[in-house]
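Heads up: the protein sequence lines correspond to chains A and B, in order. The first sequence begins at 1 in the UniProt record's numbering and counts up one residue at a time. The second sequence begins at 1 in the UniProt record's numbering and counts up one residue at a time. Structure first, then comments.
There are 2 protein chains.
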Amino acid sequence: MENIEKIIKNLNLKFRNIDGEKLIIAITCDENKNVLMTAFMNEEALKETLKTGYMHYYSTSRKKLWKKGEESGNVQKLKEFYRDCDGDALLFIVEQKGVACHEGYYSCFHYKLKDGKLTISEDYYK
Amino acid sequence: MENIEKIIKNLNLKFRNIDGEKLIIAITCDENKNVLMTAFMNEEALKETLKTGYMHYYSTSRKKLWKKGEESGNVQKLKEFYRDCDGDALLFIVEQKGVACHEGYYSCFHYKLKDGKLTISEDYYK
Chain A
1 MENIEKIIKN LNLKFRNIDG EKLIIAITCD ENKNVLMTAF MNEEALKETL KTGYMHYYST
61 SRKKLWKKGE ESGNVQKLKE FYRDCDGDAL LFIVEQKGVA CHEGYYSCFH YKLKDGKLTI
121 SEDYYK
Chain B
1 MENIEKIIKN LNLKFRNIDG EKLIIAITCD ENKNVLMTAF MNEEALKETL KTGYMHYYST
61 SRKKLWKKGE ESGNVQKLKE FYRDCDGDAL LFIVEQKGVA CHEGYYSCFH YKLKDGKLTI
121 SEDYYK
């Protein structure tokens with residue numbers, strides 16, 4: 001765990017004040033570069049992710065740590081990750097089990113703007 | 001412009017309080033599914049993006065709207081976009097002119113965690 005704290009320090013992250021919490025943005029993609037979802041992480045969520053090798057996020061609505069797929073089984077195994085230039089966001093590449101979205105779609109980004117309206121489309125995720 | 005306001009209303013967005021502003025998360029990818037960057041948008045930035053067809057964001061440090069590439073020329077032409085399931089994030093697919101990162105790299109996510117340290121790597125963006 002000491003090593004993980006050192007890694008997190010080396011990441012030199014810029015936590016933002018998001019809905020009253022100190023959080024960073026996590027963008028999660030599969031190994032085919034599909035954007036699966038975005039969520040927030042506090043330091044604890046990042047620690048748990050690095051410690052266990054499975055994605056953990058921080059829920060702003062429930063105000064607590066959650067392991068992705070804990071209930072659904074649709075866990076995300078961490079393969080590698082990148083930090084952006086200003087340090088407020090991390091890009092995680094994962095092996096997605098099942099689907100990422102709680103609405104049953106592969107990606108949370110399944111609402112496409114078409115003719116001025118939102119329509120469900122999974123065309124992007126091939 | 002009336003039409004754009006209607007589109008934005010139809011998007012049913014959930015603006016969050018981020019560093020004291022009402023913002024949503026914008027994730028921007030190229031047409032080969034590379035994640036180029038993430039930034040924030042207020043309603044004005046989204047309106048300008050839809051009106052002009054070029055990506056505009058809101059800078060939390062400068063506290064103002066900015067057109068991506070206004071100074072560098074590295075503009076992002078909007079091709080299509082998706083909303084996520086909870087409405088606090090948009091995924092934009094763009095045609096990137098030049099590079100996306102102000103540090104001169106193709107993507108802002110060029111810092112890879114390797115052996116516990118951040119190292120510059122563009123392996124992901126092929």
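Cβ coordinates follow ideal geometry from the N, Cα and C atoms, glycine included.
Item                                                                                                                   : Value
Paired residues, beta bridge with D30/B - DSSP                                                                         : V94/B
Within-8 Å CB hit, I18/B to chain A                                                                                    : yes
Neighbourhood of Y82/B by C-beta distance below 6 Å, restricted to the same chain and skipping five residues each side : L91
Buried versus exposed call for D84/A [16 or more other C-beta atoms within 10 Å across all chains shown]               : buried
Under 9 Å by beta carbon: chain A residues contacting M37/B                                                            : D84, C85 and A89
Check whether T60/A and L78/A have beta carbons under 8 Å apart                                                        : no
Where the region 56-81 of chain B meets chain A: residues whose CB sits under 8 Å from a CB there                      : T60, E80 and F81
Proximity of E122/B and Y106/B at Cβ, strictly below 8 Å                                                               : yes
C-beta contact flag for I4/B and D88/B at 8 Å                                                                          : no
M56/A burial status per 10 Å Cβ neighbour count (16 or more: buried)                                                   : In the sequence as presented, Met is not what sits at residue 56/A; that position holds His. With 16 or more other Cβ atoms within 10 Å, it is buried.
DSSP-derived helix/strand/coil call for E44/B                                                                          : helix
Between the CA atoms of M37/A and E43/B - distance to the nearest angstrom                                             : 22 Å
Helix, strand or coil at N17/A [DSSP, three-state]                                                                     : strand
Neighbour flag for Y54/A against chain B, beta carbons, 8 Å                                                            : no
DSSP beta-bridge partners of R83/A                                                                                     : L90/A and Y111/B
Rounded separation between N74/B and Y54/B - CA only                                                                   : 11 Å
Proximal residues to I7/A (C-beta, below 6 Å), its chain only, five neighbours per side dropped                        : none
Contact check, N10/A vs L65/B, beta carbons under 8 Å                                                                  : no
Three-state class that DSSP yields for T52/A in the structure shown                                                    : helix
Assumed close pair residue 127/A, N12/B - CB separation to whole angstroms, cut-off 8 Å                                : Since the first and last residues shown for chain A are 1 and 126, residue 127/A lies out of range.
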